[in-house]
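Be aware that the sequence shown starts at 2, since it is given in my numbering, and climbs by one per residue.
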Amino acid sequence: TKFWDAMSASPISASSGVPLILVQTTAVPAAASGTVADLGLTGADLYVVGPTSSVAANVATTLGTTNRIIGSATDQYNTARAVTNWGIAQGYLGTATVGICSKLPDALGAGTYLGYLGGGMLFTAAGTNSVPSATTGFLSANKSTLRDVFIFGGNASVTPGAKTNIDNALKP
2 TKFWDAMSAS
12 PISASSGVPL
22 ILVQTTAVPA
32 AASGTVADLG
42 LTGADLYVVG
52 PTSSVAANVA
62 TTLGTTNRII
72 GSATDQYNTA
82 RAVTNWGIAQ
92 GYLGTATVGI
102 CSKLPDALGA
112 GTYLGYLGGG
122 MLFTAAGTNS
132 VPSATTGFLS
142 ANKSTLRDVF
152 IFGGNASVTP
162 GAKTNIDNAL
172 KP
């Protein structure tokens, strides 16, 4: 999931003004360590996003943090839901706006925009009518407060059938 995990946290980064610092799966690059030091961040300030298959436990130890946002995340869909729920619980995001995308280029553009609006980012699989249960579950659970659901990407990214399934998850 790796880069997807960072993308799911990008709206929180944009809304809070806190940077995303990318690391390797099993190591902290010198540039990342330098950024942490330059910003005066401590372990209490840092959160690892995603499962240990994306960011190993030794990376969190190297960074001096035990903070990990994962929930029951096993893939990018569940990670995005867990990260969005965490952002809502912490007050970085609201439940009025959410965006859905299936490709990384769309997610890159969506993250800052959604953060500006105070909304989270969810994912679906590209080119299929199926929408992961983590995504439809979030939509169903929050449909009473969702005002805007943005779909990022064309029909090759999020198919008309997937859009129908997204709409169905929002129905009363």
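Virtual Cβ for every residue (Gly too), placed ideally from N, Cα, C. Remember, predicted model here, so these are calculated numbers, not experimental data.
Backbone secondary structure at residue i - three-state DSSP
i, result
"I13", "helix"
"V132", "coil"
"I71", "coil"
"L64", "helix"
"L171", "helix"
"L123", "strand"
Top-ranked residue by Cα proximity to residue i, from the options
i, options, result
"D46", "A58, A32, A31, V19", "V19"
"P12", "N130, I71, G41, A81", "A81"
"D107", "A126, A90, Y93", "A126"
"T85", "A135, N156, G162, I152", "A135"
"S9", "G65, A61, A58, I70", "I70"
"S16", "N68, G162, G112, G41", "G112"
"V132", "T63, I101, G51, P52", "I101"
"T63", "Q77, Y48, T75, D76", "Y48"
"D76", "A90, V56, Q91", "V56"
"D149", "V99, L140, L171, L105", "V99"
"L42", "S54, A58, P52, T66", "T66"
"S158", "N130, N143, S54", "N130"
"N156", "K144, L147, K104, F139", "K104"
Residue i vs residue j beta-carbon contact at 8 Å
i, j, result
"G128", "T160", "yes"
"V37", "P30", "no"
"A163", "S141", "no"
"V50", "D6", "yes"
"T26", "K3", "yes"
"F153", "G110", "yes"
"G116", "S14", "yes"
Which runs of the alpha helix (DSSP H) spanning at least 4 residues fall entirely within the stretch 73-120, listed in chain order? 77-90, 105-118
Could you say if the stretch 118-125 and the stretch 83-95 meet the contact criterion of at least three C-beta pairs nearer than 8 Å? Result yes; three or more Cβ-Cβ pairs closer than 8 Å.
Unbroken stretches of the alpha helix (DSSP H), 4 residues or longer, contained in the stretch 14-59: 31-39
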